[in-house]
Amino acid sequence: MRLTLLKKTGCILSMTMVLAMVTLLPATPAFSHGEAKAQHGGQIQSRHDLAVELVRHSESIELHLTDHGDAIDPTGWQGQVTVLAAGEKRDIPLVVTGQTLSAGLSLPDGAKVVVSLTNPQQQRFLFRYSW
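Each residue of the sequence shown is one higher than the one before, counting from 0 in numbering that gives the first Met the number 0.
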């Protein structure tokens, strides 16, 4: 009787551990390609294979687009930057400037920034940054 109880208890514990592991498995992040690193001194956000580095200059911002570390030509991309700062909201369109998307604006400290991008295939991406 005692041995049967131990077998049942062991089986229940094993099943509990398997359920716990299966439940926690989706919560672990996937790092198959590694984390994107900022190459231009800005902040970087990633979605799927796209990494966008937002670089803040005194009177403008630049967005550098990469796919697994390789630069993406921004031709055909569209987007806008929404800036929330000092209780005000501003929407500024992005323009292609060489190998970047850019906008003429100054980002103050404490600003919250949302970048909305659409690629040439009409896929949309949102990125959030804080300064």
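We treat Cβ as the ideally placed atom computed from N, Cα and C, and that holds for glycine.
Alpha carbon to alpha carbon, how far is residue i from residue j?
i: residue 37; j: residue 52; result: 6 Å
i: residue 122; j: residue 88; result: 25 Å
i: residue 58; j: residue 47; result: 30 Å
i: residue 82; j: residue 50; result: 20 Å
i: residue 124; j: residue 117; result: 6 Å
i: residue 99; j: residue 62; result: 6 Å
i: residue 129; j: residue 104; result: 15 Å
i: residue 113; j: residue 97; result: 22 Å
i: residue 111; j: residue 66; result: 25 Å
i: residue 76; j: residue 115; result: 11 Å
Along the chain, where does the beta strand (DSSP E) containing residue i start, and where does it finish?
i: residue 132; result: This structure cannot speak to residue 132, because the chain is shown only from 0 to 130.
i: residue 44; result: 42 to 46
Could you check if residue i is buried or exposed, using at least 16 other CB atoms within 10 Å of its CB as the buried criterion?
i: residue 28; result: Bear in mind that a pLDDT of 40 at residue 28, under 50, signals an unreliable position, so the model cannot answer this.
i: residue 119; result: exposed
i: residue 127; result: exposed
Verify whether the separation of the beta carbon atoms of residue i and residue j is less than 8 Å.
i: residue 84; j: residue 109; result: yes
i: residue 79; j: residue 64; result: no
i: residue 60; j: residue 106; result: yes
i: residue 95; j: residue 73; result: yes
Fully enclosed by the stretch 49 to 116, which alpha helix (DSSP H) runs are 4 residues long or longer?
none
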